[in-house]
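Asks: Residue numbers (my numbering), protein chains in the order written: chain B, 1 to 288; chain Y, 1001 to 1197; chain Z, 2001 to 2387.
Positions of the beta carbon are idealized from the N, C-alpha and C atoms, including for glycine.
Since we're looking at a predicted model, the values are computed, not measured.
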Amino acid sequence: MPVDETVNPVEPFLRSDRMPHIWCPGCGIGTTVNCFARALIESKIDLQSLALVSGIGCTGRVAGYVKLDSFHTTHGRAIPFATGLKLANPKLNVVVYSGDGDLAAIGGNHLIHAARRNIDLKVICVNNLIYAMTGGQTAPTTPGHATTSTNPYGTFEPAFNLPHLVEAAGAVYIARWTTFHVRQLARSMSEAFSKKGFSFIEVISPCPTLYQRRNKMGDGLDTMKYYKEKSKTRHGAPTNEVGLTLNGEIVVGKFVDRDRPDYEAMMRGQYVEALGDRYVECGEMVCS
Amino acid sequence: MQLSEIRIAGFGGQGVILSAIVLGKAASIYQGAFATMTQNFGPEARGGACSAQLVLSDSPVLYPYVTRPDILVVISQEAYNKFGPELKDGGTLIVEQDLVRVSHIKEGIKVFSIPATRFAEELGKRMVLNSVMVGFFTAITHLLTPEAVRDAVADSVPANFRELNLKAFEKGLEYGNGVLINSPELRGFEAAAVVEE
Amino acid sequence: MKADPRGVLTGVHFIDGDHACCEGALAAGARFAAGYPITPSTEVVERFASRVPTVGGTFIQMEDELAASIALQGAVWGGAKAFTVTSGPGFSLMMEHIGYAAMTETPCVFVNVQRGGPSTGLPTLPAQADMMQARWGSHGDYEVIALCPNSPQECFDLTIKAFNLAEEFRVPVMFMMDEVVGHMTEKVVIPAADEIEVVPRKHTHKSTKEYLPYQTNGNPVPEMAHAGEGYNFHVTGLTHDERGYPNMTPQTQDKLVRRLQSKVRAATDRIAMFEEEHLGDAEVAVVSYGITSRVAQRAVDLARQRGVKVGKLRLITAWPFPENKIKEVASRVKALVVPELNLGQMVREVERAAGGQAKTFAVSHAGGGVHDPQEILRVIEEANQCR
């Protein structure tokens, strides 16, 4: 990408003809997209081979703003769509970019199964702790006692600790940052690109319009201060200790970085063992 | 060939379905006729009772199910008890004589029995019992030519068991031809009596 | 274009409809299937799972039908021809993704081996009660194509046709089998690959700069690109413009949804496949599809033997509904008899298309078996009495 001082370095990665975006002032999703663009630059990844898949929700709209082959799928199903895309064309680098409600509630089953299969997907989960697009309802990630439009007297269901969940299911790379940690986040994204297998990056992100306001946590700037004060970087932290609470500390860092064969390697290995020369590797399935 | 409804029934693992496939193939692929095979599915089809339905005809088969079989082949007592009453008046009953005790049979039913398991064991493998039955069926019913059925057997079994299955087929065929020669006017229980001697 | 010989099992086989459907998919060029086990359809993907690693493709058993029905669409955008296979409850779960395929114009095939319902119903026994669901099951206005085979041979032939239509029109095609057709074993002739016509993907020839994913030029079916080719296209289930960008205005909605509907509906007569017999002098016509058409044929033969002037019209294409054909037949007979394994679905379409020209008689059956031909015969005779 040629450097031009007059343009924002992330602009070539965005569909400028789609601006302005729909996100609210103070929303963290745009920040994560910035980090993503920087990770693309940093990792020097081949953009033509990169496809981005989103589900539904505020974060689901990321697919519409990036200048890549991008798929805005159905609610919760970004991961299985991405699974089919990746298997049909293993040369693609496939990123799933979606929110906590989309990935962990309606899409929760797909999340754990994709991690179990160790399918080579980079999942970026923007976790604003709430359903934002639909108006601030409780998510499976909403911390206890937080107020939402569907728990107006405070939530009482225990929340998912996503890093712990996906580690148990088999992810090979797990990191968590907040939108305050832009450099670290970009680095983790870049690192995930070099990883073969199921990678999961959770980004704690504000929803000033619905979550912060309703829980009297101030605006976007106040949230940045909160993230700065309450975040503790603990690389390699046991994921069972990184659960989130309403006002408590936020453990961030790279929690898991391990290797095990990814889905395609296991598939190939099994077929070669069972079928020998009769196995025909699928490669690219372009059927034109 | 007139439209013939056939039911083959026994226990899971006796090769009931394979027998029906062999006969269906013989008719539709090697003899230029038409065959439709259906089978019972579901948990009840595993292990216990197992049954296949076969409709053979000179013209395309429309209705796929067997309602009143013209021919009933049974390889277990349970199958006989269950399906025996369905047999059409004047129909043909083919039984494995050591596994099925024929009783309460309607008058006019032609009964033919064969110690197929014993023959299969003598050939070295109990599992070729179904090919013995197929050979016997071929001889008794005259619906299909031995050539067509022989080809279908060869085409339907694993290569390493082809020879054994063909031997089993010939054994059943030969035994069936013998039964017919010895008693050209076989009817009802007389048939069973002759075979048992 | 001719079929890729690697996928074609040329020869004469004695196989069931499920297996024949799988062979049809392979012959049509399908190299990706995503499935979830469900009786009585699973044999299709079981065979695919066993065959496809030797012809260069992938099968994945997903965690549920929602996943299967969207994974296949990911594969299509990755360049594959893809399908999924299910039955009753699974088909219900796939509905949202049938709508997604219609909206995003993703060419693909959904095989539904129909069983008795509602709910878990009769897992191992037949019905034809998903016919309206196939047409209307997803929310919103859209069109699909649905085909109804009545033998294992047709499970092979028409599966190829289903893939071809999916590619030609860029629509999800519903392949509406039933438990009897799926599980019955008959002779299936698979021709040589060079005798099988296969419709290739409508891939764009435009440069990456010129290409607009949903631009139509004369032909209402836009051209496609695949991920990884540098087109940087966007696909969304939201109402979108020619660029594929969300554009949620009544104007864009109107233009898009009308095109999605008309690209199929305008081609109804071309898509319509049917089989007719004895309609020349017929006063009563039996309209049927799928397994019921075979049972109905027996009833028609019996009625003819009794001197009733009855003919048959078999619908091979159920959707888009061949209205003109029904209209034409209705204008020549006094009654239409419609047997089906449901309590009255396609009969309503027949009645609507007949427009009062002929009286319509349903022969309902709740499923779990097929009609007794005598039952259909009785209604034919009753219909023959009408004025």
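1) Output, in chain order, the set of chain Z residues within a Cβ distance shorter than 9 Å of D262 of chain B.
2) What residue from Z:P2053, Z:D2016 and Z:A2030 has the CA that sits closest to V272 of chain B's CA?
3) Output needed for A1116 of chain Y: all residues of its chain with C-beta closer than 6 Å, excluding positions within five of it in sequence on either side, in chain order.
4) So, with DSSP's three-state summary, where would you put Y131 of chain B?
5) Identify whether E1005 of chain Y lies in helix, strand or coil by the three-state DSSP scheme.
6) To the nearest whole angstrom, what separates the beta carbons of V1055 of chain Y and A1035 of chain Y, a pair I think is in contact under 8 Å?
7) Taking only the alpha-carbon atoms, compute the straight-line gap between F1169 of chain Y and Y2142 of chain Z and give it to the nearest angstrom.
8) Along the segment 96-109 of chain B, where does the CB come closer than 7 Å to a CB of chain Z? Name the residues.
9) By Cβ distance below 6 Å, which residues in the same chain neighbour M2321 of chain Z in space, the five residues on each side in sequence not counted?
10) Can you list the alpha helix (DSSP H) stretches of 4 or more residues lying completely in the segment 91-123 of chain B, in chain order?
11) How would you list, in chain order, the residues of chain C whose beta-carbon sits under 7 Å from the beta-carbon of H2097 of chain Z?
12) Just to confirm, are L1975 of chain Z and E2063 of chain Z a CB contact at a threshold of 8 Å?
13) Between the alpha carbons of M2248 of chain Z and F198 of chain B, how many angstroms are there, rounded?
14) Since G220 of chain B is in the alpha helix (DSSP H), which residue starts that stretch and which ends it?
15) Is the number of C-beta pairs between the segment 70-90 of chain B and the segment 99-110 of chain B that are closer than 8 Å three or more?
16) Is P1085 of chain Y close to chain Z, meaning its C-beta is less than 8 Å from at least one C-beta of that chain?
17) Could you please give the first and the last residue of the uninterrupted alpha helix (DSSP H) stretch that includes G1176 of chain Y?
18) Of the residues that make up the segment 2043-2077 of chain Z, which ones have a beta carbon closer than 9 Å to any beta carbon in chain B?
19) How should G135 of chain B be labelled, buried or exposed, when 16 other C-beta atoms within 10 angstroms of its C-beta is the threshold for buried?
20) Suppose you measure from the CA of Q2374 of chain Z to the CA of K2325 of chain Z; what does that come to, to the nearest Å?
21) Are the segment 2011-2026 of chain Z and the segment 2175-2192 of chain Z in contact at 8 Å, needing three or more beta carbon pairs?
22) Spatial neighbours of L121 of chain B within its chain, please: C-beta separation below 8 Å, excluding the five flanking residues on both sides.
23) Could you confirm whether any beta carbon from chain Z is found closer than 8 Å to the beta carbon of G1010 of chain Y?
24) Indicate whether G2280 of chain Z and A51 of chain B have their beta-carbon atoms separated by less than 8 Å.
25) Considering only residues of the same chain and omitting the five flanking positions on each side of G1010 of chain Y, which have a CB-CB separation below 7 Å?
26) Do L1173 of chain Y and T1138 of chain Y have their C-beta atoms within less than 8 Å of each other?
27) Could you name the residues that DSSP lists as bridge partners for Y173 of chain B?
28) Just to make sure I have the definition right: I need the residues of chain B whose C-beta is within less than 7 Å of the C-beta of G2311 of chain Z. Which are they?
29) Which residues does DSSP pair with N1040 of chain Y in a beta bridge?
30) Is the segment 254-264 of chain B close to the segment 163-183 of chain B, with three or more CB pairs under 8 Å?
31) Which term fits Y2231 of chain Z, buried or exposed, when burial requires 16 or more other beta carbons within 10 angstroms of its beta carbon?
32) Looking at Q2114 of chain Z: is its Cβ nearer than 8 Å to the Cβ of G2088 of chain Z?
33) Count the other CB atoms within 10 Å of the CB of N1182 of chain Y; is the residue buried (16 or more) or exposed (fewer)?
34) For L2260 of chain Z, which three-state DSSP category applies?
35) Kindly indicate the opening and closing residues of the alpha helix (DSSP H) around N2164 of chain Z.
36) For the pair the segment 176-185 of chain B and the segment 220-235 of chain B, tell me if three or more CB-CB distances fall below 8 Å.
Replies: Answer, in terms of the structure:
1) The contacting residues do not exist; D262 of chain B stays about 14 Å from chain Z at best.
2) Z:P2053
3) E1096, L1129, V1132 and M1133
4) strand
5) strand
6) 7 Å
7) 57 Å
8) N109
9) It is Phe, not Met, that sits at residue 2321 of chain Z in the sequence shown. Same-chain partners within the cutoff: E2349.
10) 108-117
11) Included in the structure are the protein chains B, Y and Z, with no chain C among them.
12) Residue 1975 of chain Z cannot be examined here, being either before or after the span of chain Z that is shown, 2001 to 2387.
13) 35 Å
14) G220 to K230
15) yes
16) no
17) R1162 to N1182
18) V2052, P2053, T2054, V2055, G2056, G2057, T2058, I2060, M2062, E2063, D2064, L2066, A2067, A2068, S2069, I2070, A2071, L2072, Q2073, G2074, A2075, V2076 and W2077
19) exposed
20) 27 Å
21) yes
22) I79, A82, T83, K86, V94, V95, V96, A114, F198 and S199
23) no
24) no
25) V1016, C1050, V1074, I1075, S1076 and A1079
26) yes
27) B:S199 and B:D257
28) In chain order: nothing, as chain B lies at least about 41 Å away.
29) Partner(s): none; N1040 of chain Y has no beta bridge.
30) yes
31) buried
32) yes
33) exposed
34) helix
35) P2152 to F2169
36) yes
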